[in-house]
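Notes to accompany the following structure.
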Amino acid sequence: MHEAETRATARRAMEICNACRYCEGYCAVFPAMELRRTFTDGDLDYLANLCHDCRGCYYSCQYAPPHEFGVNLPRTFAELRQVTWVEHAWPRAGARLFARNGLVVALAAALGVALVLLLTMALQPADVLFGVHRAPGAFYVVIPMAAMVAVAGVTFGFALLAMLATVVRFWRATGSGGLPRGRPLLRALGDVLTLRNLGGGGQGCNDVDEGFSQTRRWLHHCLFYGFGLCFASTTVAAGYEHLLGLRAPYPFWSWPVVLGTLGGLGMVIGTIGLFALKLAGDAAPRAPRLLGADVALLALLGMTAATGLVLLALRATGAMGVLLAVHLGFVLALFLAMPYSRFMHGAFRAAALLRNAMEHEPTDAR
Amino acid sequence: MLNSETAYDVLVVGGGNAGLCAAITAREAGARVLLVEHAPQSMRGGNSRHTRNLRAMHATPTAVLTEAYAEQEYWDDLQRVTGGQTDEGLARTAIQASAQVAPWMEARGVRFQPSLKGTLNLSRTNAFFLGGGKALVNAYYRTAERLGVQVLYDTQVTALTLRNGAVHEAVMISQGFPAVVRARAVVASAGGFQANIGWLKQYWGEAAENFRIRGTPYAQGGVLKSLLEQGVASVGDPTQCHAVAIDARAPKFDGGIVTRLDCVPFSIVVDRDGQRFYDEGEDAWPKRYAIWGRLVAQRPGQIAYSIIDAKSERLFMPSVFPAIRAGSIGELATRLGLDAAVLEQTVRRFNAAVRPGHFDSQQLDGCATEGLHPSKSHWARAIDTPPFLAYPLCPGITFTYLGVKVNARAQVVLEDGRPVANLFASGEIMAGNILGKGYLAGFGMTIGTVFGRIAGTEAAAHARG
Ligand SMILES: Cc1cc2nc3c(=O)[nH]c(=O)nc-3n(C[C@H](O)[C@H](O)[C@H](O)COP(=O)(O)OP(=O)(O)OC[C@H]3O[C@@H](n4cnc5c(N)ncnc54)[C@H](O)[C@@H]3O)c2cc1C
Ligand code: SF4
Ligand code: SF4
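Right, dumping it as structure tokens:
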């Protein structure tokens, strides 16, 4: 019911836009729209995920409320994106849960995992848990390495599988699934890495009101690349551990710690900044229904990074054991939430950008 | 809120493109400026919020315009559409100054779209605003407020009182309350009167009730009327307006660009009685766009129906309202509330008159009817392939031609030829000096920008000089 209504609103808006086209210089949505005269559900799902929510087209729309046509593309598309994430999620039940109550679920998951870890640790004598451990392998004194690797491996593996299944379902639903070739792939990758479409045609987005700025783009870069650095840090650490036989904790001037610290800082700056923009921003082009899910993801990412940084700062103290449990709790909850949270916007958007790059690829000359 | 104690150098009436350009220019020249706009903030910007481009002369390709568009060609185009009803001095001022407007606009926040490949191939003559006219208006309001122009929304000027050859005071209703403002100089940029149905009825009778106004409902013409009643010289034929045929399902006001219908040349157009009444294929659509409003306005009930078949469905820009469809002409007639037998006969007669030819939607293809009145000169193809599609048409009024006469300084002139010392005008309210009739796409915004800047400069100089 709600899905059908959301799509009907999006279809009406696209039909108005397609007769108007004033916004065609803002982003990839409009040129993609112009390739069509009518809009299937799949087309709409694709276009909604292609929208980067820069809001340029809302402030420049002569049909925006209070005009009777009431065109509000960023809001309509945000609502439709949410529908697509839930509809294509695998398994679906997980997505429903998060869609309804994102923040609570995310926090509960994090604390739950932390609690389990703490319970495991409780099996350890108190002097081990609260003792000061600095030697190589110190972390594994409190949580046995095998347990850590097993739990992390299973959650992360599941998350990857679920995300892959979800994106494949989305890809199939939005059009014919010709296999991407090199050029469109490169173009899409460039679009993802630079957030070209968040530029509103070069002037930035409407972060808080009708004025343009690049703030949101830069904050998103902080978060995105921060996340990437943290991921790199973990990967390097795993390499040290298993290939070189070097055991954590690593000294401050080591690759895993430097990458992790920079990444963590980036993530903290990004999440706080994006959250502040949400508070400051004009509510009109936003979908209030999505606020919970947005905040949930920001909170999870921010807490993961912040607990990591605190752990780094205090790893040589007696608090290390509990901090490690809490940090791992957030990391694992993030993995668990990923396939069903707003985190998926990245995957869906990347798929949409890839489809977009393929659509605009000139067909082979005969 | 309005503080009647404040002394203003320049009062600008109307917050569309022309008023904003005047206000910004006057403020940049050091004047204390008040801009009053009838609409609330959410609907500010008049007809300018519906525009998409402006026509600019240029000698070499620019970032936003291809090739070249020289003064002579621009002037010839204007001569052609107005049939010579133009003040050459003012027209040349607008044309020559148009070469410099783009950088001025960009410096004040307006952004242009790189020249387009597809939709409208006007990018040689017209520069497109990124995001359209509302984005332009937003940029100007931001710039004006940053510079310190005071802006009052929901404020309607009801009279500009003249005394001893100058504006003495402006009478207004500001946010529901009566108010009077005195300023050393006034710029009138309040647009035309096309949204004043009562006024239109004076010339069009009851038919005006069935008109749709493509732009702002705030174009009531109050300032224009007040000035003309006090002996200001008028220009432009009061009975004339720029009227195009738009989708009859359009809202009464502010339907804007999306209600446009480009199907006419590929269709037959019948009136309420099921009869054709004009050559639908007379010329390429952009050139004929503007005569169909008047044609439909003269039909009974001010309504007509453009009918095509499946072959033509994809030949024109998609329009905002879906076509009315049916499997047969008779069924289509019933859907439209027309007499089925009559419409079937009209289509049959048309189909029988179509001569074979090589159909080409992109140019005048000579596919014509023979022995039919009225004939169809191009793109005539039998309407025989279901589904059959129809779009209802009604007159859509863009603007009116009546305005105030101005001199080269944009100063408003009285019937006896003397200028009103402290009154200047820009935009639609004086466009009739240059566009006595007809229309050149993108010229309205050029006139508003050029004369807005002149009026702003002159008003500031008068106030501070
Ligand atoms: C659908 C549409 C598309 C168009 N597209 C183009 C285009 O692409 N390019 C182009 O060059 N032209 C276009 N035009 C024409 C163009 O809109 C006008 O030429 C231009 O906007 C005129 O600018 P203006 O500032 O004089 O008038 P407006 O923009 O109409 O501004 C007049 C302002 O005065 C205010 N006002 C009126 N009366 C009062 C009062 N009594 N007191 C206070 N305020 C008052 C109104 O609220 C309004 O904001 C288009 C017109 C329409 C309807
Ligand atoms: S968002 Fe509004 S202005 Fe932009 S293309 Fe759509 S209808 Fe036109
Ligand atoms: S990316 Fe921006 S301009 Fe494009 S559709 Fe989304 S909100 Fe509108």
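Residue numbers (this note's numbering), protein chains in the order written: chain A, 1 to 366; chain B, 1001 to 1465. In this text, a Cβ means the ideal position worked out from N, Cα and C, and glycines have one as well.
Length of the line joining the Cα atoms of Arg216 of chain A and Ala152 of chain A: 32 Å
Within its chain, find whatever has a CB closer than 8 Å to the CB of Ile272 of chain A; leave out the 5 residues flanking it on each side and keep chain order. Gly302
Pull up the CB-CB distance for Val1404 of chain B and Val1232 of chain B, whole angstroms please, since I reckon it's below 8 Å. 5 Å
Does the beta-carbon of Leu369 of chain A, which I'm using as the reference point, lie nearer than 8 Å to any heavy atom of ligand 3? Because chain A in this structure spans residues 1 to 366, residue 369 of chain A falls outside the shown range and cannot be described.
Give every residue of the same chain whose Cβ lies closer than 6 Å to the Cβ of Val1187 of chain B, excluding the five residues on either side of it in the sequence, and list them in chain order. Val1012, Ala1022, Phe1424, Ala1455 and Ala1459
Any contact of the segment 1390-1402 of chain B with the segment 1429-1438 of chain B, i.e. 3+ C-beta pairs under 8 Å? yes
Quick check on His327 of chain A: buried or exposed, where buried means 16 or more other Cβ atoms within 10 Å of its Cβ? buried
Enumerate in chain order the residues of its own chain whose CB-to-CB distance from Ala1421 of chain B is below 7 Å, with the five nearest sequence positions on each side excluded. Once the five neighbours on either side are set aside, the close Cβ partners of Ala1421 of chain B are Gly1165 and Ala1166.
Are the C-beta atoms of Ser213 of chain A and some chain B residue less than 9 Å apart? no
Residue range of the unbroken alpha helix (DSSP H) whose run includes Tyr1074 of chain B: Element bounds for Tyr1074 of chain B: Glu1071 to Thr1082.
Indicate whether at least one CB of chain A lies closer than 9 Å to the CB of Gly1118 of chain B. Below a pLDDT of 50, predicted positions are generally treated as unreliable, and Gly1118 of chain B, at 49, falls in that range; the measurement from the model is reported next regardless. True, the Cβ-Cβ gap to chain A drops below 9 Å.
Where Arg37 of chain A meets chain B, residues with beta-carbon distance less than 9 Å: Glu1313, Arg1314 and Pro1318
With a threshold of 8 Å, are at least 3 pairs of Cβ atoms found where one atom belongs to the segment 1271-1283 of chain B and the other to the segment 1330-1339 of chain B? yes
Closer than 9 Å, CB to CB, is Asn1138 of chain B near chain A or not? yes
Pop quiz: Val1101 of chain B and Gly1045 of chain B are said to be a contact at Cβ under 8 Å. What is the actual Cβ separation, rounded to whole angstroms? About 18 Å; that fails the 8 Å criterion.
Is it buried or exposed for Asp1416 of chain B, if we count other Cβ within 10 angstroms and need 16 for buried? exposed
From B:Ser1312, B:Met1445, B:Asn1351 and B:Gly1293, residue whose alpha carbon lies closest to that of Cys1394 of chain B: Nearest of B:Ser1312, B:Met1445, B:Asn1351 and B:Gly1293 to Cys1394 of chain B, Cα basis: B:Gly1293.
Please tell me whether, using a cut-off of 8 Å, the distance from the CB of Val1171 of chain B to the nearest non-hydrogen atom of ligand 2 is below it. It does not: the Cβ of Val1171 of chain B is nowhere closer than 8 Å to a heavy atom of ligand 2.
At a CB distance below 8 Å, what residues from the segment 1025-1054 of chain B approach chain A? Give them in sequence order. Ser1042, Met1043, Arg1049, His1050 and Arg1052
Measuring only between beta-carbons, confirm whether Ala19 of chain A sits less than 9 Å from chain B. yes
Measuring only the C-alpha atoms, how far is Glu1229 of chain B from Ala78 of chain A? 53 Å
Tell me where the alpha helix (DSSP H) around Ile143 of chain A begins and ends. No alpha helix (DSSP H) contains Ile143 of chain A, which DSSP labels as neither H nor E.
If we ignore side chains and look at the alpha-carbon of each, how far apart do Leu1162 of chain B and Val1223 of chain B end up? 12 Å
CB contact flag (His1378 of chain B, Leu1364 of chain B, <9 Å): yes
So, is Arg1453 of chain B buried or exposed, given that buried needs 16 or more other C-beta atoms within 10 angstroms? buried
With three or more beta-carbon pairs closer than 8 Å as the criterion, would you say the segment 132-143 of chain A touches the segment 48-62 of chain A? no
Taking only beta carbons into account, state which residues of the segment 49-77 of chain A come closer than 9 Å to chain B, listed in chain order. Cβ contacts with chain B: Gly56, Cys57, Tyr59, Ser60, Cys61, Gln62, Tyr63, Ala64, Pro65, Pro66, His67, Glu68 and Phe69.
Along the chain, which unbroken stretches of the beta strand (DSSP E) at least 3 residues long are found entirely within the segment 1298-1367 of chain B? Counting only runs of at least 3 residues, the segment 1298-1367 of chain B fully encloses the following beta strand (DSSP E) elements, listed from N- to C-terminal order: 1304-1308 and 1324-1326.
Residue span of the beta strand (DSSP E) that contains Tyr1391 of chain B, given as start and end: Phe1388 to Thr1400
Any beta carbon from chain A within less than 9 Å of Val1450 of chain B's own beta carbon? no
Inter-residue CB distance, Ala1063 of chain B and Pro1114 of chain B (contact presumed, cutoff 8 Å): 7 Å
If Ala306 of chain A and Val268 of chain A are in contact, beta carbons under 8 Å, what's the gap, nearest whole angstrom? 6 Å
Whole-Å CB distance - Leu129 of chain A paired with Met121 of chain A, under 8 Å assumed: 5 Å
Top-ranked residue by Cα proximity to Gly1396 of chain B, from B:Ile1257, B:Asn1053 and B:Lys1225: B:Ile1257
Which of helix, strand or coil does DSSP assign to Met358 of chain A? DSSP places Met358 of chain A within a helical segment (H, G or I) once states are collapsed to three.
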